[in-house]
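Just so you know, numbering that gives the first Met the number 0 puts 259 at position 260 of the sequence shown, and the rest follows in order with no gaps.
Where is the CB? At the ideal position from N, CA and C, for every residue including glycine.
What follows is one structure encoded as structure tokens, with my remarks underneath.
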Amino acid sequence: MERPSPSQTAALDLAALAQPHLSPVLGRYFEVSWSHGEGHRLYDTAGRSYLDFANGIAVTALGHRHPKVTAAIHAQVDRLIGPTAAIGYAEPVVRLAAAIAAEMPAPLDTVFFGNSGAEAIEGALKLARRVSGRPGIVAFQGGFHGRTFGAASVTSSNILYRRGYEPLLPGVHLLPFPAVYRDFGGDEERAVETCLAAVRRLFETTIPPDAVAAFLIEPVQGEGGYVPAPPAFLRGLRRIADEHGILLIVDEVQSGYGRTGRMWAFEHAGIVPDVVCLAKSIANGLPLSAIVSRRELQERWGKSAHGTTFGGNPVACAAGLAVLETIKAEGLVENAAAMGAELQAALRGLMARDERIGDVRGLGLMVGVEFVRDRRTREPDGALVDALLARCADEGLLVLSCGRDHNVVRFIPPLDVTRDEIGEAIGIFEGALRSLPSHPEAAGI
Ligand code: PLP
Numbered sequence: 000m001e002r003p004s005p006s007q008t009a010a011l012d013l014a015a016l017a018q019p020h021l022s023p024v025l026g027r028y029f030e031v032s033w034s035h036g037e038g039h040r041l042y043d044t045a046g047r048s049y050l051d052f053a054n055g056i057a058v059t060a061l062g063h064r065h066p067k068v069t070a071a072i073h074a075q076v077d078r079l080i081g082p083t084a085a086i087g088y089a090e091p092v093v094r095l096a097a098a099i100a101a102e103m104p105a106p107l108d109t110v111f112f113g114n115s116g117a118e119a120i121e122g123a124l125k126l127a128r129r130v131s132g133r134p135g136i137v138a139f140q141g142g143f144h145g146r147t148f149g150a151a152s153v154t155s156s157n158i159l160y161r162r163g164y165e166p167l168l169p170g171v172h173l174l175p176f177p178a179v180y181r182d183f184g185g186d187e188e189r190a191v192e193t194c195l196a197a198v199r200r201l202f203e204t205t206i207p208p209d210a211v212a213a214f215l216i217e218p219v220q221g222e223g224g225y226v227p228a229p230p231a232f233l234r235g236l237r238r239i240a241d242e243h244g245i246l247l248i249v250d251e252v253q254s255g256y257g258r259t260g261r262m263w264a265f266e267h268a269g270i271v272p273d274v275v276c277l278a279k280s281i282a283n284g285l286p287l288s289a290i291v292s293r294r295e296l297q298e299r300w301g302k303s304a305h306g307t308t309f310g311g312n313p314v315a316c317a318a319g320l321a322v323l324e325t326i327k328a329e330g331l332v333e334n335a336a337a338m339g340a341e342l343q344a345a346l347r348g349l350m351a352r353d354e355r356i357g358d359v360r361g362l363g364l365m366v367g368v369e370f371v372r373d374r375r376t377r378e379p380d381g382a383l384v385d386a387l388l389a390r391c392a393d394e395g396l397l398v399l400s401c402g403r404d405h406n407v408v409r410f411i412p413p414l415d416v417t418r419d420e421i422g423e424a425i426g427i428f429e430g431a432l433r434s435l436p437s438h439p440e441a442a443g444i
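Below, the structure written as structure tokens:
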């Protein structure tokens with residue numbers, strides 16, 4: 000496809016316009032000025048199109064301006080924008096709570112809506128402490144749960160999220176996560192045993208289990224490097240939680256809603272958590288998050304123990320209903336499983352041809368490709384990934400990085416991605432990788 004270069008058009012340079020007044024604190028993967036989105040493509044102000052396998056970091060899971068979602072938003076905007084959270088009930092809010100509950104295994108049946116992933120985590124932590132009367136929270140190294148104080152306190156995917164903000168929330172204990180490839184030489188059994196032993200050791204040495212309110216875990220670490228937790232580890236945590244009356248909170252903010260080829264990533268382990276946090280893709284771009292648990296827990300949490308002004312906005316909930324209906328009607332969980340298998344197979348083929356890829360992993364359409372300088376030492380190669388993301392974007396494919404050393408490329412295609420689009424992405428990715436030297440930073444790239 001012939002793509003005009005920015006210099007061929009009088010493109011609006013939003014990066015330059017942003018420079019004097021928009022906060023510089025927010026990190027951006029690209030300095031691109033976006034014009035609009037259509038289906039699975041984003042368009043910049045120079046008219047260039049990009050196949051979007053980033054989706055605003057796993058948000059626009061049905062692509063841009065999905066007709067059913069857009070129609071639902073238009074209809075609700077013309078009726079009631081809200082918010083109505085504290086003054087009564089609005090139909091899409093009540094209906095979406097029921098629709099989400101219907102997708103959850105028993106006994107998870109009750110939904111509290113917020114606006115963002117971090118807010119869902121904050122609420123879940125508050126619920127756990129209030130309901131259990133216990134102070135301790137156990138979370139896992141490499142996890143990312145958000146940027147507000149409570150969420151940052153349980154986050155350890157990168158020191159950037161914590162440095163200079165201490166003291167963070169007290170009572171938080173961060174234990175090793177079973178990152179099978181990076182920390183355990185590919186030995187899943189050893190990873191599971193070691194990390195479960197660390198939980199038991201914590202209880203013997205640091206905090207008794209009857210002072211722990213909750214375990215908090217991402218079933219697939221997102222920011223931390225697209226690392227699935229081994230099912231045996233999640234089952235082990237569930238067992239320990241049951242033994243000691245500890246709540247198991249699962250952060251499905253990035254992995255939820257069909258992304259992993261199951262509606263919920265925790266299903267891969269055959270467990271049922273006590274609390275599930277959702278956000279990102281649930282309204283395909285409008286701000287919405289949810290805390291889901293059994294009713295009895297939220298009854299014990301207590302009336303007015305928590306609240307929100309904007310959470311559960313009727314327009315966002317109307318979009319959320321359209322998202323769920325579309326996922327069901329179009330079989331998109333199944334599509335994520337099938338297309339994810341094809342994507343992973345193609346990336347493994349690439350790994351067989353390119354030594355710089357140390358690992359390809361993931362579930363469904365949540366796929367990470369880890370780059371190393373040396374397969375034996377597994378030394379991370381973040382510089383190559385930086386250059387690779389930029390080269391892919393130049394060639395019309397948006398993918399993102401993750402991992403502490405930014406050395407993992409994450410593929411987050413829309414849930415309704417097609418086989419042709421997977422082929423197109425792999426073609427661009429392979430071409431971009433081939434065009435880069437092993438040490439792009441040394442070559443000045
Ligand atoms: N939890 C996970 C697993 C996430 O990936 C994120 C965001 O990337 C969050 C929580 C925080 O979500 P938000 O940025 O909406 O606050």
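Roughly how many whole angstroms lie between the Cα atoms of residue i and residue j?
i       : j       : result
Leu-61  : Leu-414 : 6 Å
Glu-295 : Ala-100 : 14 Å
Val-252 : Gly-223 : 13 Å
Asp-182 : Ser-152 : 23 Å
Asn-406 : Gly-367 : 10 Å
Leu-25  : Tyr-160 : 12 Å
Gly-422 : Val-384 : 20 Å
Phe-232 : Ile-216 : 11 Å
Glu-369 : Pro-175 : 20 Å
Ala-70  : Leu-246 : 39 Å
Ala-89  : Glu-187 : 47 Å
Glu-30  : Pro-218 : 31 Å
Val-198 : Leu-126 : 22 Å
Met-338 : Ala-392 : 22 Å
Asp-241 : Leu-195 : 14 Å
Leu-323 : Ala-98  : 8 Å
If I measure Cβ to Cβ from residue i and keep anything under 6 Å in the same chain, skipping five residues before and after, which residues do I get?
i       : result
Leu-95  : Cys-316, Gly-319 and Leu-320
Ser-48  : Arg-40 and Tyr-42
Thr-259 : Leu-362, Gly-363 and Met-365
Ala-335 : Gly-257, Gly-260, Gly-363, Leu-364 and Leu-414
Thr-44  : Ala-10, Leu-11, Ser-32 and Ser-34
Ser-6   : Caution is warranted here: a pLDDT of 46 is assigned to Ser-6, below 50, making its placement in the model unreliable, and no coordinate value can be reported.
Any heavy atom of the ligand PLP within a distance shorter than 7 Å of the CB on residue i?
i       : result
His-35  : no
Ser-292 : no
Val-252 : yes
Ser-303 : no
Ile-469 : Because the chain in this structure spans residues 0 to 444, residue 469 falls outside the shown range and cannot be described.
Ser-22  : no
Gly-221 : yes
Ser-115 : yes
Ala-278 : yes
His-73  : no
Gly-363 : no
Gly-339 : no
Glu-217 : yes
Phe-143 : yes
Ile-120 : yes
Ile-206 : no
Ile-248 : no
Ile-56  : yes
What are the residues that DSSP puts in a beta bridge with residue i?
i       : result
Leu-399 : Arg-409
Leu-174 : Phe-139
His-35  : Tyr-42
Leu-285 : Asn-283
Evaluate residue i with the Cβ neighbour count: other Cβ atoms within 10 Å of its Cβ, from every protein chain shown; 16 or more gives buried, anything less gives exposed.
i       : result
His-63  : buried
Pro-66  : exposed
Ala-328 : exposed
Phe-410 : buried
Phe-265 : buried
Phe-148 : exposed
Ile-158 : exposed
Met-0   : For Met-0, the predicted model reports a pLDDT of 45, less than 50, meaning its position is unreliable; a value from the coordinates is still stated below. It is exposed - the Cβ of Met-0 has fewer than 16 other Cβ atoms within 10 Å.
Ile-356 : buried
Glu-37  : exposed
Report all residues from its chain with a CB closer than 7 Å to the CB of residue i; omit the five preceding and five following residues, and keep chain order.
i       : result
Thr-205 : His-172
Asn-54  : Ala-60, Ile-411 and Pro-413
Asp-353 : Leu-432
Ala-210 : Arg-133, Pro-134 and Gly-135
Val-130 : Leu-296, Arg-299 and Trp-300
Phe-202 : Pro-208
Going by beta carbon distance, what residues of the same chain come within less than 8 Å of residue i, once the five residues before and after it are set aside?
i       : result
Leu-435 : Leu-383, Ala-386, Leu-387, Arg-390 and Ile-444
Val-58  : Lys-279, Ser-280, Asn-283 and Gly-284
Glu-429 : Leu-349
Glu-378 : Val-371 and Arg-372
Val-226 : Gly-141, Phe-176, Ala-178, Val-179, Tyr-180, Arg-181, Val-219, Gln-220, Arg-360 and Gly-367
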